[in-house]
Amino acid sequence: MTPPRTTLVQVAQRAGVSLASTSRALHGTGASSEMVERVRTAAAELGYRPHATGRSLRMQRTFQVAFAVADIGNPVYVEMLTAIHEVLSPHGYRIVVTSTGDTVASTVDLVRSLDSGFVDGMVISPLRVDDGFVRAVREAAVPVVVIGRALAAHGIDSVSTDSAGGIGAAVTHLLAAGRRRIGFLNGPLDTTPGESRQRGFDAATTAAGFSAELTETELAEDFTVAAGVDAARRLLDRVASAGTALDAIVAANDLLAIGAIRAARERGLSVPGDLAVTGMDDTEIGRVFQPSLTSVSLDSARRGRLAAELVLGLLDGGAEQGQHLTVRPELVVRESSVPAAGTSTAPTRQEDA
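According to this note's numbering, the sequence shown is numbered sequentially starting from 13.
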């Protein structure tokens, strides 16, 4: 049988002070340092824990912040979640993980549900953004910080990174390594990452003077390993049927890149000998994969920390709304893109200019 919970009355009796004084001491309001020490000692001896529901009702807060993403299994979001927890936990906030869904409509519905008061704030990384989403965030009942799209012009706090520039850095690296027929493995173009990364690939290959015949693009259904395998199979088979071959694939994230390597191996291609592959996000799975994956780091942990600090500032009431923070991409070169002529496989880091 569970032992009865220690009550505030029992703490007051142990400390030898009134119930009101005990409450003030535990909440740090209107009590001397001597009183606080006396009451907290008694509480510790009795194993007293404040009742979270009662505390929330008194302060009209839940002490919960939502973290909303489309796919919590993606290692990028796991890194963000860990960083958000590290920032908010010392301030007494718990993290509630929830799904945005795959559509703008489901994401908007989630933001509007904040009216129910189940959290005090939200950090959200939506795949898709439109005017309806922007309007819902601006009208939200609690502070919302967006990771992934710069929305300061709309008065919305946001954290973003130059993923288009990061893709450009990957293309430049492959060109310097002697690769000349480069394919791009992307996710859906109606998503924020899909649109920006396609823009980066097109800009980089155009700047390099590539014609359409020297590049190929294939769109995966989503940003997962399984979708990457399927899309890479289509890409490699289409190029092979035309009597040519790719010597490099730039993937829009690490999971798609790993899918591309699997598809290449199925077709007897070696990586990086026959085919160099780069990813984006610099996730743990890419770092331990064989061959280790060249990837563009978007510093997911830093983006999570910055977003948590923004939402904390809004919750405390001292921050100005509409702040926008950026994180620079950084190319990390590993085994999967060793130059065709052969060079050292030691990881190197190249910041995007």
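Backbone N, C-alpha and C define an ideal beta-carbon position, used for all residues, glycine too.
In this text the structure is predicted, and so the values were computed from the model without any measurement.
Cβ-based burial, residue i [other Cβ within 10 Å; buried from 16]
{"i": "Gly199", "result": "buried"}
{"i": "Phe213", "result": "buried"}
{"i": "Arg191", "result": "buried"}
{"i": "Val109", "result": "exposed"}
{"i": "Thr19", "result": "exposed"}
{"i": "Glu233", "result": "exposed"}
{"i": "Gln333", "result": "exposed"}
{"i": "His103", "result": "exposed"}
{"i": "Thr236", "result": "buried"}
{"i": "Glu363", "result": "Any reading at Glu363 needs caution, since the residue's pLDDT is 44, under 50, leaving its predicted position unreliable; the model's value is listed next. Its Cβ having fewer than 16 others within 10 Å, Glu363 is exposed."}
{"i": "Ser175", "result": "buried"}
{"i": "Asp143", "result": "exposed"}
{"i": "Ala56", "result": "exposed"}
{"i": "Ala238", "result": "exposed"}
{"i": "Ala260", "result": "buried"}
Cβ shell of residue i (< 8 Å), same chain only, five flanking positions each side left out
{"i": "Arg277", "result": "Val283"}
{"i": "Thr173", "result": "Leu310, Asp311, Arg315, Thr338, Val339, Arg340 and Pro341"}
{"i": "Leu69", "result": "Its pLDDT being 40, under 50, Leu69 is placed unreliably in this model, and the coordinates cannot settle the point."}
{"i": "Ala164", "result": "Ser170, Gly334, Gln335 and His336"}
{"i": "Gly167", "result": "Arg150, Gln333 and Gly334"}
{"i": "Gly66", "result": "With a pLDDT of 46 at Gly66, under the threshold of 50, the modelled position of that residue is not reliable, and no figure is offered here."}
Residue from the options with nearest C-alpha to residue i
{"i": "Ile297", "options": "Glu91, Gly144, Thr74 and Tyr60", "result": "Glu91"}
{"i": "Gly178", "options": "Ala263, Thr218, Val108 and Leu326", "result": "Ala263"}
{"i": "Val146", "options": "Ser30, Asp286 and Asp121", "result": "Asp121"}
{"i": "Gln25", "options": "Ser45, Thr53 and Gly160", "result": "Thr53"}
{"i": "Ala254", "options": "Leu100, Leu226 and Ile270", "result": "Leu226"}
{"i": "Ile107", "options": "Gly133, Pro87 and Thr119", "result": "Gly133"}
{"i": "Gly240", "options": "Asn265, Val171 and Gly271", "result": "Gly271"}
{"i": "Asp114", "options": "Asp286, Leu139 and Ser101", "result": "Leu139"}
Span separating the alpha-carbon of residue i from that of residue j
{"i": "Thr112", "j": "Val81", "result": "5 Å"}
{"i": "Gln22", "j": "Ala117", "result": "51 Å"}
{"i": "Asp294", "j": "Val300", "result": "11 Å"}
{"i": "Thr217", "j": "Ala243", "result": "21 Å"}
{"i": "Ala220", "j": "Leu93", "result": "38 Å"}
{"i": "Glu98", "j": "Arg317", "result": "8 Å"}
{"i": "Leu58", "j": "Val123", "result": "42 Å"}
{"i": "Ser128", "j": "Asp202", "result": "30 Å"}
{"i": "Arg245", "j": "Ala275", "result": "6 Å"}
{"i": "Asp249", "j": "Leu258", "result": "10 Å"}
{"i": "Ala288", "j": "Ser208", "result": "22 Å"}
{"i": "Leu343", "j": "Val308", "result": "4 Å"}
{"i": "Ser30", "j": "Met47", "result": "11 Å"}
{"i": "Thr74", "j": "Tyr105", "result": "8 Å"}
{"i": "Gly180", "j": "Gln210", "result": "10 Å"}
{"i": "Ile84", "j": "Leu247", "result": "28 Å"}
{"i": "Ser44", "j": "Leu126", "result": "38 Å"}
{"i": "Arg279", "j": "Val141", "result": "38 Å"}
{"i": "Ala153", "j": "Phe130", "result": "11 Å"}
{"i": "Thr119", "j": "Ala148", "result": "9 Å"}
{"i": "Pro87", "j": "Leu268", "result": "13 Å"}
{"i": "Ile273", "j": "Tyr60", "result": "55 Å"}
{"i": "Gln189", "j": "Asp266", "result": "Here the sequence assigns Ala to residue 189, which means Gln is not the residue at that position. When rounded, the distance between both Cα atoms is 20 Å."}
{"i": "Ser101", "j": "Ala162", "result": "26 Å"}
{"i": "Met71", "j": "Gly325", "result": "The predicted model places Met71 with a pLDDT of 45, which falls under 50 and marks its position as unreliable, so this point remains unresolved."}
Close-in-space but distant-in-sequence residues of the same chain around residue i (CB under 6 Å, 5 per side omitted)
{"i": "Ser304", "result": "Arg346 and Glu347"}
{"i": "Val157", "result": "Val135, Asp169, Ala319, Leu322 and Val323"}
{"i": "Arg314", "result": "Val339"}
{"i": "Thr290", "result": "Ala182, Val262, Thr306 and Ser349"}
{"i": "Glu95", "result": "It is Ala, not Glu, that sits at residue 95 in the sequence shown. Taken in chain order, the residues that qualify are Ala313, Gly316 and Arg317."}
{"i": "Ser2", "result": "Nothing about residue 2 can be read from this structure; the chain reaches only from 13 to 365."}
{"i": "Thr229", "result": "Phe196"}
{"i": "Ala206", "result": "Sequence inspection shows Gly at residue 206; the Ala mentioned does not correspond to that position. Only Asn198, Gly199 and Pro200 meet the Cβ criterion."}
{"i": "Thr256", "result": "none"}
{"i": "Ala78", "result": "Val108, Thr110, Val131 and Met134"}
Boundaries (first-last residue) of the alpha helix (DSSP H) holding residue i
{"i": "Ala252", "result": "Val237 to Ser253"}
{"i": "Gln210", "result": "Thr204 to Ala219"}
{"i": "Ile297", "result": "Glu296 to Val300"}
{"i": "Val149", "result": "Asp143 to Arg150"}
Start-to-end residues for the beta strand (DSSP E) that takes in residue i
{"i": "Val173", "result": "For clarity, residue 173 is Thr in the given sequence; the question names Val instead. Thr173 -> beta strand (DSSP E) spans Asp169 to Thr173."}
{"i": "His336", "result": "His336 to Val339"}
{"i": "Glu228", "result": "Thr227 to Leu231"}
{"i": "Leu318", "result": "No beta strand (DSSP E) contains Leu318, which is instead part of the alpha helix (DSSP H) from Ser312 to Asp328."}
{"i": "Glu57", "result": "Here Glu57 belongs to no beta strand (DSSP E); instead the alpha helix (DSSP H) covers Ser45 to Leu58."}
{"i": "Val131", "result": "Where Val131 is concerned, there is no enclosing beta strand (DSSP E), given that its DSSP letter is neither H nor E."}
{"i": "Arg191", "result": "Looking at the DSSP string, Arg191 is not in any beta strand (DSSP E), and its letter there is neither H nor E."}
{"i": "Ile84", "result": "No beta strand (DSSP E) holds Ile84; DSSP gives it neither H nor E."}
{"i": "Leu343", "result": "Glu342 to Val345"}
{"i": "Ser30", "result": "Ser30 -> no beta strand (DSSP E), and no H or E assigned at all."}
{"i": "Ser125", "result": "Unbroken run through Ser125: none, as it is neither H nor E."}
{"i": "Glu271", "result": "Reading the sequence as shown, one finds Gly at residue 271 and not Glu. Per DSSP, Gly271 belongs to no beta strand (DSSP E); it is in the alpha helix (DSSP H), Asp266 to Glu278."}
{"i": "Gly113", "result": "Gly113 -> no beta strand (DSSP E), and no H or E assigned at all."}
{"i": "Gly291", "result": "Ala288 to Met292"}
Cut-off 7 Å between Cβ atoms - residues of its own chain near residue i, not counting five sequence neighbours on either side
{"i": "Leu327", "result": "Asp132, Gly133 and Pro155"}
{"i": "Val27", "result": "Correcting the residue identity first, residue 27 is Ala in this sequence and not Val. Only Thr34, Arg50, Val51 and Ala54 meet the Cβ criterion."}
Contact with chain D by residue i, beta-carbon distance below 9 Å
{"i": "Gly195", "result": "In the displayed structure, chain D is absent; only one protein chain is listed."}
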